[in-house]
Amino acid sequence: MLRIASFSRKNTSEADPFNNAGLDDDDNFKRSKKLKRKQETSGGINHRKASRSSSMEKGKNSDEELAEDDSDGKNWKGILIALLVILIICSLVGLAIFIVSLKNTGNSLGEPITFDDIFSGNFDVKKFNGRWIGDVLVYKHLESGDVYMYNTETNQSEIILTDNQLKSLESEQFWVSADLKYVLVAYEVDQLYKYSFNAKYKIFPRLTSDKHQPIEFPLDKSPERVWSTRKLQYAEWSPSGHSLTFVYNNNLYFQSEPYVTPVKISDNKNTDVIFTAVPDWLYEEEIFYSGKGHWLSPDNKNVAYIQLNETNVNMQTITRYDGQETFYDDYVKLYYPKAGELREGNNPTIKLYVADTSNVKSVHRLISPPSEFTSIEHYITMVKWQDSKHLMITWSNRAQNKSIIIVCNVDSIDCRQDNIQLINNNQYYAFISSKLVSQSGYWKHVALASASMNSDEHKVFLTDGPREVFEIVGHDDETKTLYYTGTDGDPRHKFLYSLKLPNDIKELRQIQQPSVHHDISDINDNHNHSKGRLKVERLTNATACKFVHVDFSASGKFYIETCLGPHVPVVTLRNTMNNEVKVLESNKELIKKLASKALPKKQYCKVKVDDGIEMYGQFFLPPNAHKELYQYPLIINVYGGPGSQQVTEEFKLDWLTYLSSAENVVVASFDGRGTGGRGDAYLHEIYHKLGSIEVEDQMKGAEFMKTMSNINKDRIAIWGWSYGGFVVGHVLGDKDDDEFKCGIAVAPVTDWRYYDTVYTERYMGRPTSSDNYIGYDSANVSRKAKYFKNKKFLLIHGTADDNVHLQHSMRLMKALAEAKVMFQSQIYPDKNHMLGGRSTTKHLYKTMVNFLKDDCWSDAKMLQLESKHLEGNQKQKGKSRGSVVVEASRPIVPAFYEGIIFRSCNTNPFAVQLWDCLSDLSSCVLKWQFVVNPTMKDSEKVTLSPGVNILASYRVGFFTPMNSQLSVPYGVDSSLAYMSESVDDFNSFSELTVGATINMKSLTWTRSFAKSFIFCRTQDCSDVPPDAMASIMPVRDNPSQPPEGQCCAQAQCNSSLSINKIQTNTELINTLTKTIDELETLIKTISITNYTPARCPQNFVPGEYGLRSCYLVVREKFSFSEAALFCRDSSESTIVQINTLQENNFLSNLTQMSSNNQEEFFWMAAMYELQNNQWFWYDSNLETKSPITYSNWDRGIKPVGQSVDDVCSNFDVKLSPAQGTWVKKFCTEKNYFICEFPKECD
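Shown next as structure tokens:
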């Protein structure tokens, strides 16, 4: 039997968001980039390319994958498929994690993300574009452009529409019929609003069909062929078969077959005022979130459709500037009810009809609202067919604080509120409702209601606890399983859960309510929870993925999971019956590109905003952020709208990434009160109070950031879009705020009276004296215009914004001008709320970047950061001889400086360091260091390059400290040399230091060292000659003060020292003299051109001098075999083998730098063989072994003589005062680990 040794440690240092030499819990390493080739290529979806006339090979594997596949593997069967596919997903998800998480180690991280990287499209995240038709997945292949359908039962894919067919219409939009026989393609598309568009259409028979030619749609057999010139407002397939509905000129049509002519369902003659079967702007944007306003029954025999009457709704005019045939501006109008209108009836009125598609002349049946809403203004918020005879409708009053669900029998128009039947043989239905959870208030949870809503069984909750359920996403009636997404108690997370349903409500009530409640810790730790006869299981692998989006098939047996974070998104297809997983999109090309990029370091925080209330925040630090050296500009990225969330684990790559990576800006966001994921009480904090509490929370977030030593308190900006722009306006307009010096608002709401009724009244009520006049008045940004003085403000808007009209910004501009406030503005003609278009987008963000650099922070360029004055810095003493002596009051840890180290593979190296100083020498920053061999011959040229841009006006010093202890010389003329305070401290000659400086402007070198260095504490140095005194180098923490005790030169000290001390001094002097001579020779051969230090794989840390390896600390818990595979396949490295005390101590320090104050365990490559009763080091394949010559077993650990039940062990590092010790663990346990790779030298 084998046992495996592992390594752990316990850290006692305090966590610091700016001290990330290693990894933190939010940036863990994940699975490896790849596993074996066979493992990577098995289990994928198989394609078979269909031919119109050929017979298709059934079950034959293709070399194409669903969305991307370069495999040539075989189609494994049975359990092997599941096992290998799991490894694939771990590998592909891990590849994203491996590359991106490494960016936070604090090492040399590669090139920054550039502006062009973000806006060229080369770094876009690829998304899977598939959709479900029943249990068949239809998608467009990313490489070929062909449209495939994948059959989940047969595991086969075939082409149903070619890329050439789409290109013939210059189209990207298509929909497949429910029976998979036809494809509807839209072309000549004109976007109308957010979801709606006008377009022409054609129908393509499936590629395997006998009919090959596209079909005109709508089919027109008249000689005039009028349909061929018309663009439709909406078109879609029926729920079953291949019938179609479409809307033209605000009238609804039905076409039973692609090859028959359509029939007109509605007869709307007032098409300018009445919208039929499509929503107006208000319903599309705020209620339906779609351009659809009609619904076919499952059997296609009935169609329900809305009719909106806009008679009492005023119109908003939007000017257009792109007309080419007129000298005058054009304009469009849209019906847009605004909250500020106090007259009743300014909303559209809505009616719902049901028509018979087989008898269009029959009377259309009107569905009346519930009696409570008959005489008041109301909305229809949901229409859904329960079955072919029953239609479910949700009605809401105008205030949107009461809603009623009714179900109507469409044959008899018998509508009842107590006849709701949805799932599980029509016995009950599931929905999300607010549940009181002890003192934490109400939280959204899954509930069941029986068919009889007026009975005692009205509502039973299935989930519980202080956590939020977001959405019910799927249901499997066969297994009685409900699927939903929600948090685990942490609002930053979004996981997929499954819930086993009872047979009926009575059975559920037999289970005691306490047994239904979930214990959050149980679900978090054990991934599932089962009490009584209910079982909740988290299906998301929370280790690899913390934020998901899912899309279920109709049966609930398959779903597409998009892991959106915290790492590069990965899309997979999952089978709920056997847990089989297939990769749809891995984004591997993006991951490869990011491997050479320096990404910002993401940190989380909690900020107290009120008694007992904390808000979540996140901030991104520049990749090489140093706590003690720089102060960085800060920009707050705000949205803050009701129910929104910004602080999540979702992966983002946007202009803010560029700002942090390339421009060294700290970017922060805060989910203040009113945002989602925190329960109803937190959400409702801003009800009727928009522009108040959420604004205060952003300012409190800025106050929190100012407490960090790296934030430049004079360079804090804020920016936001839409609702975020509204918050920006209130922040800059706060008369008491002095946190923010500048802000950017894009398309902001400035006065809620000008915004639409549905959204505004949902959160603010009406602007009347009896309702919320004061709330509206207080939320008006223009009222605060005078307080914008002395602040930099950029206001951006598009003239064609149909959502937040240009009127908002114009009103604010007018108020600012009247208040004599200077500001900047950028107007984009004919651009809507999103300011779309690649050229416009680049212009927009370049404008904002330039504003930040040239206006907000004009006193210092972001690329030329201002250094902090280090504590203890003192002025240089003595007279300069044309060179610069650099001071540094803090010691440099041997081999480390903020986690950035460079070492050569030569023996006895000099550690050469590059310092960047302010021109007045008030502060210096270590920029770079490397090692040069002092015994190098004259003929061996050594070149070096700082790797950073140093301004010619700066003076830079190169120094060679062997002991890495830096202090300012006391009373020495332009000399640098460092020794310990006493001869007693000298353990070896490696503690000597000599130096040289170079003037970067003239490129001239100057020796900077003393001829002899001798220290003692007892002798009187008053008689020391001046020239001898010049060589005395006391080392002090505060060099401006005289030394404690007396120091003297060689002649006086030697007389009072013991023989061995005299010998030591003499050896020191001789060694120093020899080193000085070698250094002078070396200086003559150095040129400032190019030098390559020892190389390590990306993100590995080079070992200190004396260690010949590079190391990677991986904070993802794997079993031993998984850890070995990760090291081998991700970087061709091995699990660490610790062979010396120096290496043991080095790794202890290394893991301490990336710890979180917890005892931790790390796998080593040591394995115990029971048959030999001995430990061995093993290679990554666990085949080749070598004896262990050094060990550091923890006290009380018996390393040998294990029972056969003990398989493996672990390596435990406690870093309290003691160094890392070794302990034992089982091989199958999950632990962190360290990969080791030999240094590469030129």
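Numbering (the UniProt record's numbering), first residue to last: 1 to 1242.
Virtual Cβ for every residue (Gly too), placed ideally from N, Cα, C.
Small disclaimer: the values here were computed from a predicted structure and weren't measured.
Query, Result
"Residue span of the alpha helix (DSSP H) that contains Met834, given as start and end", "Note, Met834: premise wrong, no alpha helix (DSSP H); not H, not E."
"CA nearest to the CA of Pro623, picked from Ala662, Leu590 and Gln645", "Ala662"
"First and last residue of the uninterrupted beta strand (DSSP E) at Asp490", "It is not in any beta strand (DSSP E) - Asp490 carries neither H nor E in the DSSP assignment."
"Neighbourhood of Val731 by C-beta distance below 7 angstroms, restricted to the same chain and skipping five residues each side", "Val695, Gln698, Met699, Ile718, Asp737, Phe740 and Gly743"
"Straight-line gap, Asn1231 to Lys1225 (C-alpha atoms, nearest Å)", "9 angstroms"
"Same chain, Cβ closer than 7 angstroms to Ser440, neighbours up to 5 away in sequence not counted", "Pro466 and Gly679"
"Unbroken alpha helix (DSSP H) run spanning Met764, endpoints", "Thr757 to Met764"
"Beta-carbon spacing of His684, Gly775 below 8 angstroms", "no"
"C-alpha gap between Asp169 and Leu161, whole angstroms", "Note that residue 169 is Leu in the sequence shown, not Asp. Those two C-alpha atoms are separated by around 13 angstroms."
"Beta-carbon separation (whole angstroms), Val407 vs His390, contact threshold 8 angstroms", "5 angstroms"
"Neighbourhood of Leu539 by C-beta, 7 angstroms cutoff - its chain only, sequence neighbours within 5 removed", "Leu496, Tyr497 and Ser498"
"DSSP state of Gln618 mapped onto helix, strand, coil", "strand"
"Sequence-distant residues of its chain with Cβ nearer than 8 angstroms to Asp830 (five each side left out)", "Arg320, Tyr321, Asp322, Gly798, Thr799 and Ala800"
"Residues that DSSP places opposite residue 1243 in a beta bridge", "One cannot answer for residue 1243 here, as it falls past the ends of the chain, which runs 1 to 1242."
"Spatial distance of Asn541 from Asn587 (CA atoms)", "19 angstroms"
"Top-ranked residue by Cα proximity to Ala779, from Gly340, Lys606, Met1164 and Glu471", "Gly340"
"Other residues of its chain near Phe1237: CB distance less than 7 angstroms, five sequence neighbours each side excluded", "Cys1096, Pro1097, Phe1100, Ser1109, Cys1110, Ser1131 and Ser1133"
"Residues bridged to Trp752 [DSSP beta-bridge criterion]", "Answer by DSSP bridge pairing: none, since Trp752 is not bridged."
"Burial state of Phe327, where buried means 16 or more other Cβ atoms lie within 10 Å", "exposed"
"Cβ-based neighbour list, Met764, same chain, cut-off 8 angstroms, excluding 5 preceding and 5 following", "Ala339, His688, Leu690, Trp752, Asn772, Gly775, Tyr776 and Ala779"
"Cβ shell of Glu111 (< 8 angstroms), same chain only, five flanking positions each side left out", "Ser596, Lys597 and Ala598"
"As assigned by DSSP and simplified to three states, the class of Glu649", "coil"
"Stretch-stretch touch, CB-based, cutoff 8 angstroms, three pairs: the region 377-384 with the region 392-401", "yes"
"Limits of the unbroken beta strand (DSSP E) element including Ser157", "Gln156 to Leu161"
"Buried versus exposed call for Gly345 [16 or more other C-beta atoms within 10 Å across all chains shown]", "exposed"
"Between the CA atoms of Ile404 and Glu761 - distance to the nearest angstrom", "19 angstroms"
"6 angstroms CB neighbourhood of Gly145 in its chain, flanking five on each side removed", "Asp163"
"Beta strand (DSSP E) runs wholly inside the region 322-356, at least 3 long, in chain order", "330-335 and 349-356"
"Residue(s) in a DSSP beta bridge with Arg574", "Tyr559 and Val581"
"Inter-residue spacing [alpha-carbon to alpha-carbon] between Lys126 and Thr648", "20 angstroms"
"Proximity test, Asp272 beta-carbon vs the ligand HEM heavy atom, cut-off 7 angstroms", "The model depicted lacks the ligand HEM and carries no ligand whatsoever."
"Helix, strand or coil at Phe1100 according to DSSP, with G and I counted as helix", "coil"
"Beta-carbon contacts of residue 1252 that lie in its chain and below 6 angstroms, excluding the five residues immediately before and after", "Residue 1252 cannot be examined here, being either before or after the span of the chain that is shown, 1 to 1242."
"Residues of its chain near Phe1233, where Cβ-Cβ distance is below 7 angstroms and the 5 sequence neighbours each way are ignored", "Val1114, Phe1118, Ala1123, Ile1135, Phe1162 and Trp1163"
"Per-residue burial, Asn710 [other beta carbons within 10 Å of its own, 16 or more giving buried]", "buried"
"Own chain partners of Asn409 with C-beta closer than 7 angstroms, once the 5 adjacent residues on each side are dropped", "Lys389 and His390"
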